[in-house]
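Protein chains in written order, with the UniProt record's numbering: chain A, 1 to 416; chain B, 1 to 973; chain C, 1 to 92. The next block holds one structure in the form of structure tokens; read it before the comments.
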Amino acid sequence: MRYSGWKVITQGLLGNKGWTPAWREPAPKAEYDAIIIGGGGHGLSTAYYLAKNHGLRNIAVLEKGYLGGGNVGRNTTIVRANYFLKGNQEFYSHSLKLWEGLEAELNYNVMHSQRGLINLFHSDGQRDAFARRGNSMINQGDDAILLDREGVREHLPYLDFEQTRFPIYGGLLHPRGGTARHDAVAWGYARGADRLGVDLIQNCEVTGIDIENGKVVGVQTSRGAIKAKKVGIVVAGRSSQVAAMAGMRLPIESHILQAFVTEGLKPVIHHVISFGMGHFYMSQSDKGGLVFGGDLDFYASYAARGNLPMVEHVMEAGMTLMPMIGRAKVLRSWGGIMDMSPDGSPIIDKTHIDGLYLDCGWNYGGFKAVPASGWCMAHLMATDQSHEVARRFRLDRFRTGHLLDEEGTGSQHNLH
Amino acid sequence: MRILGKGQIDRNRPVSFRFDGKSYQGYQGDTVASALLANDVRLMGRSFKYHRPRGVLTAGSEEPNALLEVVGATNQTPNVRATMQEIFDGLNTQSQNRFPSLSFDFMGVNDLLSQFLSAGFYYKTFMWPRAFWEKLYEPVIRRAAGLGRLSGKHDEGHYEKAYAFCDLLVIGSGPAGLAAALTAARAGADVILAEEDRELGGRLLADEPDLDGAPARDWVSSTEAELRSLPNVRVMTRTTVTGAYDNGTFGALERVGLHTPARADLPRECFWRIAAKRAVLAAGALERPIAFPMNDRPGIMLAGAVRSYLNRWGVTAGKRVTIFANNDGARQTARQLMAAGVEVAAILDSRTDATAIEDCPVYLGARVTDTSGRLGLRSISGAHVGGNFQIETDCLAMSGGWNPTVNLTCHLNGRPRWNVDIAAFVPSEGVVPGLSVAGSANGDFTTHACLAAGQAAAIEALAEIGVTAAAVPLPRAEGVPYAIQPLWLVEGKGRAWLDFANDVTSKDVKLSAQEGFTSVEHMKRYTTQGMAPDQGKSSNVAALAVLADATGRGIPETGTTTYRPPFTPVSIAAMGAGGRAMGFAPQRFTTSDQASRDRHAPMIEAGLWYRPSYFPKPGEKTWRESCDREVNMVRSAVGVSDVSTLGKIDIQGKDAARFLDLVYTNTFSNLPIGRVRYGLMLREDGLVLDDGTTARLDENHFLMTTTTAAAGLVMRHLDFIHQTHCADWDLRLISVTESWAQFAVAGPKARALLNAVLDAPLGDFPFMACGETQVGGVKGRLFRISFSGEEGYEVAVPSRYGESLFRDLVAKAEAMGGGPYGMEALNVLRIEKGFITHAEIHGRTTAFDIGMEKMVSPKKDCIGKAMAARPGMVGEEREQLVGLRLAQETKAFGGAHLFTQGAEVERETSQGYVTSVCWSPMFGATLAMGFLKNGRARHGEKIRIVDHLRDLDLLAEVCDPVFHDPKGEKLRA
Amino acid sequence: MRLTCPLCGPRDRREFYYYGHEDYLQRPGPDAGPEAWDDHLHLRDNIAGEVRDLWYHETGCAQWLVVTRNTVTHEILSTELVADRKKKGVRA
Ligand SMILES: Cc1cc2nc3c(=O)[nH]c(=O)nc-3n(C[C@H](O)[C@H](O)[C@H](O)COP(=O)(O)OP(=O)(O)OC[C@H]3O[C@@H](n4cnc5c(N)ncnc54)[C@H](O)[C@@H]3O)c2cc1C
Ligand SMILES: [Zn+2]
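Pasting the structure below:
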């Protein structure tokens, strides 16, 4: 069923009785050409592009819970292409282009809103580091504008320019940066994949990976064994567990990242603001809640919930930067399990097992990567070749030293 | 309407407050909701999506409808629950999410369009044309959405945070909580009793049962008096426990000053972190509505709330009240209203087997199927076993049963269990270590059971921590069991609201199931059920019951969504208390801070420290003028600069030298006593961690310096290496950064200046020497090191003498044509000399990149050595440190990229980037440092510098990064 | 979240710095080869359940601790000083 304003009106007149399910609920088949483990953003987009770009039809996505129930449905929805290392730049740039056509591609309103992202800086040194970034972005063909203090004030007059602990020197504006509605991205890809014949199988946990003679032949699941010629592991924070089923040990540590939303408010914040010095960022959702977050809780965890020290730190950062939000009340806090890699950049690569592919290491920033990650993972699974824009996301780069460390914090997983 | 003789308000203390510009009168003890109801105001808000007129539904913090803005002198607070805001003289409130007024709201048109605004409609439209999303659709949607408004001004309110510790935290002060607290208190345990309401008592206040044959209030008062008299008990009213966290930590919000006019001595709120050895959750239960057609009109309330208003505030919510319930509990509302002289039109009991004997008409098997009254309820109609009814009524008190307040038990991922007997979820046991649940929070719905359970929970919890508590005599109370027959939804023509706040109706939940959003989490996200300010407290269970029905599953299989902190919303200001302005991070000041400020030096942040940027002289108009002068001064005379912020680590022990060999790439064990050496330190992953000098003060005594930025990092790193890899070595490390004030003295007249301040003239003291010295009788240390390329010394004295030494050095320097210099000059001096800082060692550079691979000793292991040899860490592909030189003066271009002349400007052709730039007064040129692919082989090449952001396109000559005195003759002078 | 430092007693999590899994204790020899070093610094079992990881009592006694902890429930099972293990001759 195609969605449109017209459909909404005609269906409304008919009492909304005619809407059909966004996706089927198929039972797993005995065998697939390709299986994607994980029904998050990346898994769903991988399945979608495998079908759409590579013509595969006999594909299943196996999700242990409900579609989009992992990080894709708990992130703070920032979509940007403001990286400065070769390897990351081309990938996120490609992703942003896909975002810009996503509604039309999926016939689903994912509310991609290019409201502009401002990264603040607080010293000459930070300014130069952001200038390097901005110049990289423009070299790549994306957009960036260096704002001085007055420039920031024009956009964000409510920041505390007078007495904040780390005075604002300026900001790097990325006009095409913004947000999107996270659930809609998962649902849009799910619906799109389903329409192309992909079986989306929920409540189906993969419990084993079957390998014969160094080649993957299928998976064991809570709903029985399923054969497959190719298997993609796309499970974000759970990557280590699933890879262990294939005897692999990954360069990943799982950590909690918390996020927060306030009660609904009339529009007050029109950008995405990032305050690196205080590890704080914020935007306002279309519903009116202030959506914000900060750093990891820093200890390895699978609990998908955090503790007060980071909660309070985030609130304190908000208060020093923009005390006008003080009276907004935090409605809900939650956490997601982040697949932290030793250089903060992802992995999209083959494994040493034939037919087994890996897409992980998204750290705190894989939401914006959803379209390109699916695009490149599908390319890899279909052709056995890395896609041009993802060729530096190699699994062996930590051993070889070809690192993609944007933060420069080194191999300690939780510092990215 | 106020009822004489009822309620606990202080009728001798009238209070006047404003709502939507009109002045109303209430009494001390009223909330805005109770006072407005007393004034017959039923319309208090507008709903989120359809902007429907709404009145108050509850009498507590779970209120979904009556949300207001409280307007203060400088600020306004949005989304304040009318049910929680106590009134005081001068309180000014206004309704929100309406335009132009509460009774006439343009956006009410949404209500007429509701059929087109069904669940998730926005995912299906507004997609074309693409550019309209940001320009048209989104702004319109944003304006229509949202609830209250922030003022946009800095919140100047005063907030606090605090820690508390206890043996037993009791959450809630109803019968279960009071019994628990009393039992623990008498046992001598450290008790904190936290109660959200302004008074203790919980539903004992609202329901007014008899205890020991007397009004429950008597027992509440005597218990409170006893608890407050005990030194081991802290009673915290107006305090909501908002979250359960790990290892016995709880978050709690105390509303300290929100119930009075702003007072300088009272913070608005205080956020508590409570570390409790054990906790008893006695947070009671919350009543739930029934979803029947058009059930959202002002005047339709929860039966328990109607009882609360009557008993606590002496207010009847209507003149002719009707009850609609599926359980026995609500009968009490009818009886108490009648006893107070309020007319009860009828009791509509959905059950067919309940008693019909009351002092008012009782309809069994009843269903309400329609209501009327645009801005307030006028009538209801429906059917019962005996036929149809149509009742004129201005208040419908409904009850769909009670939900135990399980929230806190789920904060650590616990899931509640379904209990068929009470048709509600109850807490699972043991899901929050150290927390037990008692009373109605656990599904015990009689006063008697609550008292007993509270007591038992306290005794058991204390026993676990080795405190023996005895049972205390508890008052006699009723124990009539509660009977309920589930009724979630009455089908009918109109919309039946589940989530009042977010305007989610039963149709939306069914539509979500129809469209395949069948998991409860999908339903929640698709319909926004439970995502409003009340977090679905009164609606979630009914919504999932409707979903269960629509998908043909039972309620337990359907399950609940996840309960997350905070239990009730908490202001950012409260949890962020102390963060405002300078409070966000500690401020560190050097001993010369005041002296620098006395000279009008602008102070800038260097990590947590403050350092002088430059020292302006009369007549200097720009920082550059001062900076150039200071640079020339150092190069031609002498400059003084405070370098105390550099990290200093004292390292002693027989194995100290061996340890340094391990942590530095180069060797220190062969460093002679009395000498200093430059050292390079790697992270274990082979990238540069830090650099600095280390002095050998004695055979087994070294003093290491680190950069300002990495001081803490290096200390932690050294402790780690020591304790994990060589704990058995004879070695001690301690940071002495704050213990010493240290000043750089640099320039051709440096020695002369030192001789003017030191107690004895300097003898033979070659470059990289160190030793003890004495200044004005104070023992100090002297190092001959230089970060400027000039003959340089650093003199250190214990911190208490820092300020006077600095003033003395500066005064004497000035007499020699020198003076102090700041960070700007320091930066120029070091660029001229090609010294790196964290602009260059930014975490991605190797020793190879900065041309120091020879400093990695081949003769020994060191931290980072193995990983530095990875193929990706060396070789031509890597960008190497170079100097860049331009004849002209230009805007700064740090962060610009480098391109080979004639090449395209794009990602892959970028050859590197610029890290540091300055105007060099000595060379009369712009000097820069940067990283260039295979740069060391390209000295002499002209390279293109492109800075899109600053609109610069320049040519520079690539050269060695050491511009000044490459042979180091000045250093050694 | 609270941890019990063997030297300082029960303390708030804020006093501690977290490093990572105890793999960091097994430093390979200089010639162990790239695989061993990759294992040491990057590859992790990353268990959902009981793990041993390294915490530093940074604003307390400056001791590094091995904490036995459950990454699913956040229960803390035991804490010990890293330095003690070494001195007791435990191969780290
Ligand atoms: C609080 C927070 C804020 C964030 N903010 C941003 C942001 O602003 N911008 C941004 O770009 N990124 C952000 N991220 C990161 C981003 O959300 C993630 O990187 C990204 O969603 C991860 O990929 P995914 O969507 O595929 O993961 P997920 O949605 O987690 O998908 C993985 C799926 O695998 C399933 N699975 C796991 N194990 C198995 C198994 N054995 N069998 C079957 N299925 C299995 C899981 O149930 C899950 O559904 C944030 C993350 C969090 C938690
Ligand atoms: Zn300690």
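Beta carbons: idealized from backbone N, C-alpha and C, even for Gly.
Figure out for me which residue from A34(A), E105(A), I138(A) has the closest Cα to the Cα of D951(B). I138(A)
What in chain B is Cβ-close to Y3(A), meaning under 9 Å? Y123, K124, T125, M127
For the putative contact between V490(B) and V368(B), defined by C-beta atoms under 8 Å, what is the C-beta separation to the nearest angstrom? 6 Å
According to DSSP, L952(B) sits in a beta bridge with which residue or residues? D947(B)
Of the choices L703(B), E630(B), Y614(B), whose alpha-carbon is the least far from that of I649(B)? L703(B)
What residues of chain A sit near Y19(C), judged by a beta carbon separation below 9 Å? Q412, N414
Are the beta-carbon atoms belonging to S333(A) and Q284(A) less than 8 Å from one another? no
Decide if L755(B) is buried, meaning its Cβ has at least 16 other Cβ atoms within 10 Å, or exposed. First, the residue type needs correcting, since residue 755(B) is Asn and not Leu in the sequence shown. Classification for N755(B): exposed.
Are there three or more Cβ pairs, one per stretch, closer than 8 Å when the region 309-317 of chain A is compared with the region 377-386 of chain A? no
Cβ of L7(C) within 7 Å of any heavy atom in ligand 2? yes
Tell me whether I168(A) sits in a helix, a strand or coil according to DSSP, three-state version. coil
Tell me whether Q723(B), by its Cβ, gets closer than 7 Å to a heavy atom of ligand 2. no
Quick one: what's got a C-beta closer than 7 Å to Y49(A)'s C-beta in the same chain, skipping five residues either side? G374, W375, A378
Using three-state DSSP, classify G607(B) as helix, strand or coil. coil
Here's the rule I'm using: 16 or more other beta-carbon atoms within 10 Å means buried, otherwise exposed. How should W402(B) be labelled? buried
Residues of the region 301-313 of chain A whose Cβ lies closer than 7 Å to any Cβ of chain C, in chain order: S301, Y302, A303, N307, P309
is_contact[F720(B), chain C] using C-beta, thresh 8 Å: yes
What do you reckon, is the C-beta of G60(C) under 7 Å from a heavy atom of ligand 2? yes
Taking 7 Å as the cut-off, is the C-beta of G382(B) nearer than that to any heavy atom in ligand 1? no
Return the CA-CA distance between D861(B) and A868(B), expressed in angstroms with no decimal places. 12 Å
Assuming F398(A) contacts D38(C) under a Cβ cut-off of 8 Å, what Cβ separation, rounded to an integer in Å, is found between them? 6 Å
Does any heavy atom of ligand 2 sit closer than 7 Å to the C-beta of H57(C)? yes
Chain-ordered residues of the region 248-271 of chain A with a beta carbon less than 8 Å from chain C: R249, L250, P251, I252, E253, S254
Beta-carbon proximity check, A73(B) vs M44(B), cutoff 8 Å: no
Using 8 Å as the limit for Cβ to Cβ distance, is Q115(B) near chain F? Here chain F cannot be found, since the structure's protein chains are A, B and C.
Beta carbon proximity, Y913(B) to chain A, threshold 8 Å: yes
According to a CB-to-CB cut-off of less than 7 Å, which residues of the region 667-687 of chain B neighbour chain C? E684, D685
With respect to the beta strand (DSSP E) encompassing C627(B), which residues constitute its N-terminal and C-terminal limits? Where C627(B) is concerned, there is no enclosing beta strand (DSSP E), although the alpha helix (DSSP H) it sits in stretches over 623-636.
If contacts are defined as beta-carbon pairs under 8 Å, then F584(B) and R165(A) qualify, I think. What distance do you get, rounded to the angstrom? 4 Å
What I want to know is whether the C-beta of residue 427(A) ends up closer than 7 Å to one or more non-hydrogen atoms of ligand 1. Because chain A spans 1 through 416 in this model, residue 427(A) falls outside it and cannot be assessed.
So which residues on chain A does N407(B) lean against when the C-beta distance must stay under 9 Å? Simply none; closest approach about 12 Å.
At a threshold of 7 Å, does K64(A) count as lining ligand 1 (C-beta to nearest heavy atom)? yes
Shorter than 7 Å, the distance from the beta carbon of K97(A) to the closest heavy atom of ligand 1, or not? no
Relative to the C-alpha of P858(B), which candidate in R288(B), T667(B), T409(B) has its C-alpha closest? T667(B)
Amino acids of chain B, ordered along the chain, whose beta-carbon sits closer than 8 Å to that of P21(A): Q514, E515, G516
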